[in-house]
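Student: Just passing along the structure, written as structure tokens.
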Ligand code: FES
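In the working numbering, the protein residues as written are 40 to 182.
Written out as structure tokens, the structure reads:
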């Protein structure tokens, strides 16, 4: 009886490590920043694109806010250029994932380019784009 319980615990531990590791791995791929609206803009410090531990630069970050129904993905497209695209699928509003440089809907398979253009349906409309302003130290997404 003790041996059976021991083996059962070992198996559950292996499953936890396998799936927990996969979840952590996918979470660590995208940085998420919660932004507050100020005078019609979401303001993000440009330093958010730098990983403080590794000093590595992110080429995109997820922006969440109480002012948004769904997150926005903010891409760094050049040395000091940025683009912001909604992660709300235009088919039935599911939140999209960034997969191999495309925005992909896990619900029914729609795919979009990073600039929001539809690649595959069932979604027919492009994603919402946001205009972006900058200061020396911040990126401002116009709501
Ligand atoms: S909700 Fe995205 S494809 Fe249907």
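Cβ atoms here follow ideal geometry from the backbone N, Cα and C, with glycine treated the same way.
Leaving out five residues before and five after residue 181 in sequence, what residues of the same chain have Cβ atoms less than 8 Å from its Cβ?
Tutor: Cβ neighbours of residue 181 beyond the five flanking positions: 79, 80, 169, 170, 171 and 172.
Student: For residue 75, does the count of other Cβ atoms within 10 angstroms reach 16, so buried, or fall short, so exposed?
Tutor: Flag for residue 75 reads exposed.
Student: Tell me the rounded alpha-carbon separation between residue 129 and residue 162.
Tutor: Answer to the nearest angstrom: the Cα atoms are 6 Å apart.
Student: Could you pull out every unbroken beta strand (DSSP E) segment of at least 3 residues lying fully inside the segment 113 to 168, listed in chain order?
Tutor: Listed in chain order, they are 121 to 125, 136 to 138, 141 to 143 and 157 to 159.
Student: Can you name the start and end residues of the beta strand (DSSP E) that residue 176 belongs to?
Tutor: It is not in any beta strand (DSSP E) - residue 176 carries neither H nor E in the DSSP assignment.
Student: Quick check: the Cα distance between residue 140 and residue 93, rounded to an integer number of angstroms?
Tutor: Cα-Cα distance, rounded: 22 Å.
Student: Near residue 100, what residues of its chain come up, given a Cβ to Cβ distance below 8 Å and the 5 sequence neighbours on each side ignored?
Tutor: Counting only Cβ-Cβ distances below 8 Å, and skipping sequence neighbours, we find 69, 70, 71, 72, 83, 87, 88, 112 and 113.
Student: Would you check whether the ligand FES has a heavy atom nearer than 6 Å to the C-beta of residue 125?
Tutor: No, the Cβ of residue 125 stays beyond 6 Å of every heavy atom of the ligand FES.
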